[in-house]
Amino acid sequence: MNGLKLLGTGYALPTRVLDNDAMTAYVETSDEWITTRTGIRQRHFCGEGESTTTLAIEAARKALDDSGLDKSEIGCVIVATSSGEYVMPSTACLVHKALALREDIPVFDLGAACAGFLYAVDAARAMLLAHGSRAALVIGAEQMSQLLDMADRNTCVLFGDAAGAAVFALDEDAEYAYVCGTRGDMAIQVGGPRRTLPMTMEGQNVFRFAVSTIPSTVDELLEKTGKTLDEVDWVICHQANQRIIDASVRRLGVPAEKFYKNLDRYANTSAASIPLALAEMKESGKLTSGQRVILVGFGGGLTWAGVMLRV
Ligand code: UT7
31 MNGLKLLGTG YALPTRVLDN DAMTAYVETS DEWITTRTGI RQRHFCGEGE
81 STTTLAIEAA RKALDDSGLD KSEIGCVIVA TSSGEYVMPS TACLVHKALA
131 LREDIPVFDL GAACAGFLYA VDAARAMLLA HGSRAALVIG AEQMSQLLDM
181 ADRNTCVLFG DAAGAAVFAL DEDAEYAYVC GTRGDMAIQV GGPRRTLPMT
231 MEGQNVFRFA VSTIPSTVDE LLEKTGKTLD EVDWVICHQA NQRIIDASVR
281 RLGVPAEKFY KNLDRYANTS AASIPLALAE MKESGKLTSG QRVILVGFGG
331 GLTWAGVMLR V
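Under our numbering, the very last position in the sequence shown is 341; numbers go up by exactly one each time.
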């Protein structure tokens with residue numbers, strides 16, 4: 031089947047933690063509003079010396095160590111990000127330099143907002159197939175705090191900074207299914223032009239999009255693979271809002287425990303949220319070898335993607 035096997039994961043978080051009360055220093059808001067509308071209780075923001083680059087490098091280094099592979103076996107590096115430190119070079123090139131990886135491999139950033147990590151997983155698989163390489167380093171890394179207007183309460187309380195990384199190996203016997211989509215006609219719903227940031231968001235439109243996209247993506251993957259949700263151990267969605275996940279659970283009629291949630295501690299870390307969840311679950315022993323997972327990303331673009339594989 032030429033699927034992907036997850037060999038290693040890692041994550042990185044900035045040291046500065048802001049709870050909801052800390053956000054009242056910036057905007058008229060409250061812990062009560064943020065908690066009940068989103069489920070978020072705190073977020074990490076980069077401080078001095080921390081950036082998308084440093085987070086991506088730290089997470090990548092941990093994932094490579096965790097994989098047990100030699101760095102010469104990495105045949106591709108993709109960083110999903112909307113908040114790279116530089117226009118050029120790519121964050122992926124800076125990871126490549128820090129880890130002193132092989133020269134003869136494709137290394138690039140990919141921008142698909144909060145769906146970026148899953149777009150990158152599929153792009154990495156295509157790269158491995160095309161180049162006959164064994165393994166890929168796929169990273170989601172964001173310094174969302176640098177895109178925010180700290181005077182806009184509609185956005186500034188929702189996001190956080192983080193990175194997650196995963197090493198995937200191409201494996202003839204591994205399961206793999208992928209679906210994705212784009213709705214460019216809704217391109218202005220989340221984001222902002224590079225020269226005139228901060229970002230803005232049409233929250234309610236994106237909310238409606240998200241609560242229909244998670245169930246339809248899960249259904250599409252199940253249909254494609256002939257599996258049922260009973261045969262899936264975990265559904266790991268992009269961590270945007272607790273209410274979005276709860277609504278998806280209701281629509282799919284599955285036990286809520288099947289959906290992993292950590293957005294209370296990290297807020298919405300865009301492309302980093304899914305690999306951060308994978309790494310955290312692996313570290314805590316929740317995610318164990320052989321489990322079947324569905325990953326669902328959605329966000330600005332508007333973009334969405336779903337992956338089903340065994341870890
Ligand atoms: O990762 C990319 C994908 N993004 C998402 O998935 C985000 C999707 N959207 C959402 O999660 C929700 O729409 C939000 C959390 C952004 C907003 O929740 P909501 O229940 O849709 O709130 P709302 O926009 O309808 O705002 C309700 C009220 C408004 O006041 P009025 O007009 O009713 O007087 C807002 O001004 O809440 C007000 N409000 C706030 N109040 C206190 C908005 N932000 C805040 C705030 N603190 N931070």
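Idealized CB from N, CA, C, for every residue including glycine.
Legend entry - From Arg71, Met216, Leu85, residue whose alpha carbon lies closest to that of Gly77: Leu85
Inset, instruction - Could you name the residues of the same chain whose beta carbon sits closer than 7 angstroms to that of Gln321, not counting the 5 residues immediately before and after it, in chain order? - result: Asp263, Trp264, Arg340, Val341
Legend entry - beta-carbon Gln269 near the ligand UT7 non-hydrogen atom, thresh 6 angstroms: no
Inset, instruction - Have a look at Asp260 and Lys35 and give me their C-alpha separation to the nearest angstrom. - result: 21 angstroms
Inset, instruction - Can you check the stretch 71-152 for any alpha helix (DSSP H) of at least 4 residues that lies completely inside it and give the ranges in chain order? - result: 82-97, 121-128
Inset, instruction - Flag this pair as yes or no: are the beta carbons of Ile64 and Ala297 separated by less than 7 angstroms? - result: no
Inset, instruction - Over the uninterrupted beta strand (DSSP E) stretch that includes Gly338, give me the two end residues. - result: Sequence inspection shows Met at residue 338; the Gly mentioned does not correspond to that position. Unbroken beta strand (DSSP E) run through Met338: 333-340.
Inset, instruction - Report the partner residues of Ala166 according to the DSSP bridge assignment. - result: Phe198
Inset, instruction - Can you tell me which of His268, Thr258, Arg280 puts its alpha carbon nearest to the alpha carbon of Asp294? - result: His268
Legend entry - Three-way DSSP call (helix, strand, coil) for Asn50 in this model: helix
Inset, instruction - Assign Leu124 to one of two classes, buried (16 or more other C-beta atoms within 10 Å of its C-beta) or exposed (fewer than that). - result: buried
Inset, instruction - Please name the residue in Glu115, Asp182, Gly211, Val117 whose C-alpha comes closest to that of Tyr149. - result: Gly211
Legend entry - Leu251, buried or exposed, once every other Cβ within 10 Å from all chains shown has been counted against 16: buried
Inset, instruction - Kindly confirm or deny that the stretch 163-177 and the stretch 99-107 touch, where touching means at least three C-beta pairs closer than 8 angstroms. - result: yes
Inset, instruction - Please state if the CB of Leu188 and the CB of Ser97 are separated by a distance shorter than 7 angstroms. - result: no
Inset, instruction - Measure the alpha-carbon distance for Gly222 versus Lys316 and round it to whole angstroms. - result: 37 angstroms
Inset, instruction - For Ile244, decide whether its Cβ has a neighbour in chain D, counting only Cβ atoms nearer than 7 angstroms. - result: Although the question refers to chain D, the structure presented lacks it and comprises just one protein chain.
Inset, instruction - Would you check if the distance between the CB atom of Thr83 and the CB atom of Glu115 is smaller than 7 angstroms? - result: yes
Legend entry - Whether Ala302 touches Gly194 by CB criterion (7 angstroms): yes
Legend entry - Coarse secondary structure for Arg183, derived from DSSP in three states: coil
Inset, instruction - Just mark Arg225 as buried or exposed, buried being the case when its beta carbon has 16 or more other beta carbons within 10 Å. - result: exposed
Inset, instruction - Might you give, ordered along the chain, the residues of its own chain that have their beta carbon closer than 6 angstroms to the beta carbon of Asp152, omitting 5 neighbours on each side? - result: Tyr208
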